[in-house]
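A.B. asks: The following block contains the structure, expressed as structure tokens.
Number of protein chains: 2
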Amino acid sequence: MKALLLLGCPEVPSQTPMAIYAVDKLTELGYDVTISSNPAAAKLVKVSDPKGYYKHKNVNIDNFLDELEDSDFDLILGFVHKDSAATYFITYCTLMGNVKSIALVFQRDESLVEEYAEMVEQSTDAEIIKVKAFHNPNPLKVNLDKALNQLKDEN
Amino acid sequence: MKALLLLGCPEVPSQTPMAIYAVDKLTELGYDVTISSNPAAAKLVKVSDPKGYYKHKNVNIDNFLDELEDSDFDLILGFVHKDSAATYFITYCTLMGNVKSIALVFQRDESLVEEYAEMVEQSTDAEIIKVKAFHNPNPLKVNLDKALNQLKDEN
Chain Y
17 MKALLLLGCP EVPSQTPMAI YAVDKLTELG YDVTISSNPA AAKLVKVSDP
67 KGYYKHKNVN IDNFLDELED SDFDLILGFV HKDSAATYFI TYCTLMGNVK
117 SIALVFQRDE SLVEEYAEMV EQSTDAEIIK VKAFHNPNPL KVNLDKALNQ
167 LKDEN
Chain D
17 MKALLLLGCP EVPSQTPMAI YAVDKLTELG YDVTISSNPA AAKLVKVSDP
67 KGYYKHKNVN IDNFLDELED SDFDLILGFV HKDSAATYFI TYCTLMGNVK
117 SIALVFQRDE SLVEEYAEMV EQSTDAEIIK VKAFHNPNPL KVNLDKALNQ
167 LKDEN
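Line order of the protein sequences matches chains Y and D.
In this text, residue positions in the first sequence follow the working numbering: the first is 17, and each later residue adds one.
In this text, residue positions in the second sequence follow the working numbering: the first is 17, and each later residue adds one.
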């Protein structure tokens, strides 16, 4: 199975730790993980795991759009903490058709959580995890675990 | 040899990736690493390495102050990106006496880099690495590498 992990801009301190966490969880569930992000977010992930223990492929979030229609992912997991990230997630979901998709929407500000969740809900069939969080990763971790464990039961 | 890695508040997206990077580098140089931080920063480091490949000990930045005078570290490396982090670094250096110390001062805003560097310079004998950086970890990485390689030559 193949999973695509979509990262947003790297301004949120919990994104890179949660990216590594998600790579590890998805690998345990049997997925080969590809991370799609901008170069800055990719650099942070690389520095975060200098020995490369948490195996994954990297692609550029813009360039990879051209290859999406022909790709064969079984899951798309998107980190959505800005409207640009919501837009990327929606674009990816649209181009990939009927792939199972999960949006992890998180923000310090609850009204932004609702706003981004609504954007995603209106344009995709994604499962949406909404978390009010900024630099404490635990609420993100707990909710992502729930969604992934459910996925495990479905597979 | 023992190194103490001092983290600031976890608001800066490059801090956690750079913490893991520093643990790895210091371990390669033969140090046992202890990370001293607040609970939020410690949680991010933990999530960043769910399998615990990058071995280190964790201590609480406030509680550990009481034990510092009797501790036997050979190196203190502090991440300084807020004035509270500068204050902690100075306090730690003062309590630990003549231990070799390095402050990695980084901020998006150049005038803050200068301000925090000056705070550290006025109160410690630390080697100061100044970097204008926020979410691109590369300037941090390059400058930290330089300082650590120099340390290797000194040892």
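Think of the CB as a built atom: it goes at the ideal place given N, C-alpha and C, for glycine as much as any other residue.
Remember, it's a predicted structure, so these values are computed and weren't measured experimentally.
Using the three-state DSSP reduction, which class does L167(D) fall into: helix, strand or coil?
C.D. replies: Counting from one through the second sequence, the residue named residue 167(D) turns up at place 151. Residue state, collapsed to three classes: helix.
A.B. asks: Would N165(Y) count as contacting chain D if we go by Cβ distances under 7 Å?
C.D. replies: Position 149 of the first sequence, counted from the first residue, corresponds to residue 165(Y). So no, N165(Y) is outside the interface.
A.B. asks: Relative to the C-alpha of K146(D), which residue among I118(D), L167(D) and E170(D) is closest?
C.D. replies: Along the second sequence, one-based indexing puts residue 146(D) at 130. Closest by alpha carbon: I118(D).
A.B. asks: Do the CB positions of P33(D) and V63(Y) come within less than 7 Å of each other?
C.D. replies: Stepping through the second sequence from its first residue, residue 33(D) is reached at position 17. Stepping through the first sequence from its first residue, residue 63(Y) is reached at position 47. Yes, they are a contact pair.
A.B. asks: Measuring only the C-alpha atoms, how far is F106(Y) from S139(Y)?
C.D. replies: Residue mapping note: residue 106(Y) aligns to position 90 of the first sequence, counting from 1. Residue mapping note: residue 139(Y) aligns to position 123 of the first sequence, counting from 1. The sequence as given places Ile at residue 106(Y); Phe does not occur at that position. Taking the straight line from one Cα to the other gives about 6 Å.
A.B. asks: Counting only Cβ-Cβ distances shorter than 9 Å, please list the residues of the segment 137-170 of chain D near chain Y, keeping chain order.
C.D. replies: Listed by position along the chain: F150, H151, N152, P153, N154, L156 and K157.
A.B. asks: Would you say the beta carbon of K146(Y) comes nearer than 6 Å to a heavy atom of the ligand HEM?
C.D. replies: The ligand HEM is absent from the structure shown, which contains no ligands of any kind.
A.B. asks: Determine the chain Y residues that contact V129(D) at a beta-carbon separation under 7 Å, and present them in chain order.
C.D. replies: Indexing the second sequence from 1 puts residue 129(D) at position 113. Result: empty, since nearest Cβ-Cβ is about 19 Å, beyond 7 Å.
A.B. asks: Give every residue of the same chain whose Cβ lies closer than 8 Å to the Cβ of V126(D), excluding the five residues on either side of it in the sequence, and list them in chain order.
C.D. replies: Residue numbering aside, residue 126(D) sits at position 110 when the second sequence is read from its first letter. It is worth fixing the name first, because residue 126(D) is Glu in this sequence and not Val. Closer than 8 Å at Cβ, skipping near neighbours: K148.
A.B. asks: When you compare only the Cα positions, how much space is there between D99(D) and L84(Y)?
C.D. replies: On the second sequence, position 83 is the one that residue 99(D) refers to. On the first sequence, position 68 is the one that residue 84(Y) refers to. D99(D) and L84(Y): Cα-Cα distance of roughly 45 Å.
A.B. asks: Does S52(D) come within less than 7 Å of chain Y when only Cβ atoms are used?
C.D. replies: Taking the second sequence and counting its residues from 1, one reaches residue 52(D) at position 36. So no, S52(D) is outside the interface.
A.B. asks: Going by beta carbon distance, what residues of the same chain come within less than 7 Å of K168(Y), once the five residues before and after it are set aside?
C.D. replies: For the purposes of this step, residue 168(Y) is taken as the residue at position 152 of the first sequence. Once the five neighbours on either side are set aside, the close Cβ partners of K168(Y) are L45.
A.B. asks: Mind listing, in chain order, the continuous alpha helix (DSSP H) runs of no fewer than 4 residues lying wholly within the segment 61-137 of chain Y?
C.D. replies: Correct list: 99-112.
A.B. asks: Strictly below 9 Å CB to CB, what residues from chain Y border E13(D)?
C.D. replies: With chain D covering only 17 through 171, there is no way to say anything about residue 13(D).
A.B. asks: Going along chain D, which residues have a C-beta under 8 Å from T32(Y)?
C.D. replies: Residue numbering aside, residue 32(Y) sits at position 16 when the first sequence is read from its first letter. Correct list: P29, T32, P33 and S64.
A.B. asks: Can you tell me which residues form a DSSP beta bridge with A19(Y)?
C.D. replies: Position 3 of the first sequence, counted from the start, is the residue given in the question as residue 19(Y). Note: A19(Y) sits in a beta bridge opposite V49(Y) and L91(Y).
A.B. asks: Roughly how many angstroms separate the alpha carbons of K18(D) and L91(Y), rounded to a whole number?
C.D. replies: One-based indexing of the second sequence puts residue 18(D) at position 2. One-based indexing of the first sequence puts residue 91(Y) at position 75. Those two C-alpha atoms are separated by around 44 Å.
A.B. asks: Just grab the DSSP bridge partners of E143(Y) for me.
C.D. replies: The residue you call residue 143(Y) lines up with position 127 of the first sequence. The partner list for E143(Y) (beta bridge, DSSP) reads I118(Y).
A.B. asks: Give the residues of chain Y in contact with K67(D), contact being defined as C-beta atoms less than 9 Å apart.
C.D. replies: Here residue 67(D) refers to the residue found at position 51 when the second sequence is read from its first residue. Near K67(D) (Cβ distances below 9 Å), the residues of chain Y are D40, Y69 and Y70.
A.B. asks: What does DSSP give as the partner residues of K157(D) in its beta bridges?
C.D. replies: Counted from its first residue, the second sequence places residue 157(D) at position 141. Paired residues: none, contrary to the question.
A.B. asks: From P155(Y) to N171(D), what does the alpha carbon distance come to, in whole angstroms?
C.D. replies: For this step, residue 155(Y) is matched to residue 139 along the first sequence. For this step, residue 171(D) is matched to residue 155 along the second sequence. Roughly 43 Å between the two C-alpha positions.
A.B. asks: Please decide whether Y47(Y) counts as near chain D, where near means a Cβ-Cβ distance under 7 Å.
C.D. replies: Reading the first sequence from its first residue, position 31 is the one you call residue 47(Y). No, no contact with chain D.
A.B. asks: So Y37(D) contacts chain Y; which residues on that side make the cut at Cβ distance below 8 Å?
C.D. replies: What you label residue 37(D) is simply residue 21 of the second sequence in a count that begins at 1. Those within 8 Å of Y37(D) in chain Y are V63, S64 and P66.
A.B. asks: How many Å lie between M112(Y) and V121(D) at the Cα?
C.D. replies: On the first sequence, residue 112(Y) is found 96 positions in, with the first residue counted as 1. On the second sequence, residue 121(D) is found 105 positions in, with the first residue counted as 1. Cα-Cα distance, rounded: 43 Å.
A.B. asks: Return the bridge partner residues of K162(Y) from the DSSP annotation.
C.D. replies: Locating residue 162(Y) in the first sequence gives position 146, counting from the first residue. DSSP, once it has assigned bridges, lists no residue as partnering K162(Y).
A.B. asks: Looking at the secondary structure, which residues open and close the alpha helix (DSSP H) in which E44(D) lies?
C.D. replies: Counting from one through the second sequence, the residue named residue 44(D) turns up at place 28. Looking at the DSSP string, the run of the alpha helix (DSSP H) that includes E44(D) is Q31 to E44.
A.B. asks: Any beta carbon of chain D sitting closer than 7 Å to that of K59(Y)?
C.D. replies: Position 43 of the first sequence, counted from the start, is the residue given in the question as residue 59(Y). Yes - at least one Cβ of chain D is within 7 Å of the one on K59(Y).
A.B. asks: Take Y47(Y) and list the residues in its own chain whose beta-carbon comes closer than 8 Å to its own, dropping the five residues that flank it on each side.
C.D. replies: Here residue 47(Y) refers to the residue found at position 31 when the first sequence is read from its first residue. Correct list, in chain order: M17, K18, A19, D90 and L91.
A.B. asks: Could you tell me the distance, in whole angstroms, from the CA atom of T43(D) to the CA atom of H72(D)?
C.D. replies: Residue numbering aside, residue 43(D) sits at position 27 when the second sequence is read from its first letter. Residue numbering aside, residue 72(D) sits at position 56 when the second sequence is read from its first letter. So the two alpha carbons sit approximately 9 Å from each other.
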